[in-house]
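First residue of the sequence shown: 227, per our numbering; consecutive thereafter.
Backbone N, C-alpha and C define an ideal beta-carbon position, used for all residues, glycine too.
Take a look at the structure below.
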Amino acid sequence: MCMEASKMETGVSVAVRPFKAIALLCAFLAVSLASVAVFSPAWVTAQGFKLSLWEECEGSASREGAQPVWGCKSNLSLHNDWKLATLALVLAACLLSLLATITGLVALCAGSYRRLSLPMAVLLYMAVILQVCALILFPIKFLDETALRSYHEFDWGYGLAWGAAIFMLGSAILLSLTKKCNYYGV
């Protein structure tokens with residue numbers, strides 16, 4: 227038997243389905259992770275090399291055991307289209323998930339959460355597609371450009387971006403569930 231009421235009003239309080247509330251929490255976490263990932267200084271690290279979405283840094287030690295002196299160049303001034311495309315895709319995904327989260331908060335306060343669940347889910351699905359495209363493009367083009375000149379590893383900024391994509395997808399799926407589904411297996 228399917229659940230028929232999406233919310234139950236009693237006086238002033240409004241109860242929202244738990245999946246919709248969890249979806250809003252997941253969307254908030256996705257925005258938070260995506261924001262930190264966008265501004266993270268560490269997407270790729272290697273010996274004497276750091277790469278983020280905004281800049282590329284190379285370091286060289288002047289003598290043995292000394293700290294390297296880092297020289298950084300902005301990715302916006304370099305003519306690497308794939309770096310700019312990755313940055314644009316990740317920023318667009320972050321903005322779409324932020325828009326979906328703000329829409330969810332406004333809808334929750336206004337009492338129209340049920341009506342806006344589907345548009346929020348569509349925004350989050352679009353954000354997931356953009357984010358995953360960026361996260362696939364980044365390592366492919368990075369490895370193509372560097373030709374494995376040294377040991378490198380994808381760092382925590384790249385991992386946070388994947389975490390944001392997972393939370394975006396989870397939120398979109400939870401928002402896509404309709405009241406015709408039996409959530410609790412009763």
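Euclidean distance between Cα positions of residue i and residue j
| i | j | result |
| --- | --- | --- |
| Leu401 | Val295 | 49 Å |
| Phe254 | Ala353 | 13 Å |
| Lys276 | Tyr377 | 12 Å |
| Leu251 | Trp388 | 17 Å |
| Val358 | Ser338 | 30 Å |
| Tyr351 | Leu321 | 13 Å |
| Leu331 | Ala314 | 26 Å |
| Cys298 | Leu317 | 22 Å |
| Glu235 | Ala398 | Residue confidence is low: Glu235 scores 48 on pLDDT, short of 50, so the model does not pin down where it sits. No coordinate-derived value is stated. |
| Ala336 | Thr404 | 20 Å |
| Gln273 | Cys283 | 11 Å |
| Gly285 | Ile366 | 23 Å |
| Asp370 | Asn306 | 12 Å |
| Phe368 | Lys246 | 38 Å |
Neighbour-count burial assignment, residue i, 16 or more Cβ in a 10 Å radius
| i | result |
| --- | --- |
| Ala319 | buried |
| Lys309 | buried |
| Phe265 | exposed |
| Ala333 | buried |
| Leu324 | buried |
| Ala263 | buried |
| Ser278 | buried |
| Phe393 | buried |
| Leu356 | buried |
Spatial neighbours of residue i in its chain, beta-carbon cut-off 6 Å, leaving aside the 5 residues before and after
| i | result |
| --- | --- |
| Thr312 | Ala360, Leu363 and Phe364 |
| Thr327 | Ala253, Phe254 and Val257 |
| Leu259 | Leu386, Gly389 and Ala390 |
| Ser300 | Glu281 |
| Leu440 | As displayed, the chain neither begins before 227 nor continues past 412, which places residue 440 out of reach and without an answer. |
| Pro244 | none |
Close-in-space but distant-in-sequence residues of the same chain around residue i (CB under 7 Å, 5 per side omitted)
| i | result |
| --- | --- |
| Ile248 | Leu400 |
| Gly396 | Cys252 |
| Val348 | none |
| Ser261 | Cys320 |
Contact set for residue i: own chain, Cβ-Cβ below 8 Å, skip 5 residues either direction
| i | result |
| --- | --- |
| Thr329 | Leu342, Pro345, Met346 and Leu349 |
| Thr372 | His378 |
### Task
Decide yes or no for the touch test of the region 262 to 272 against the region 373 to 387: beta carbon pairs closer than 8 Å, at least 3 of them.
Yes, the region 262 to 272 is in contact with the region 373 to 387.
### Message
At 4 residues or longer, what runs of the alpha helix (DSSP H) sit wholly inside the region 345 to 390?
### Response
Runs found: none.
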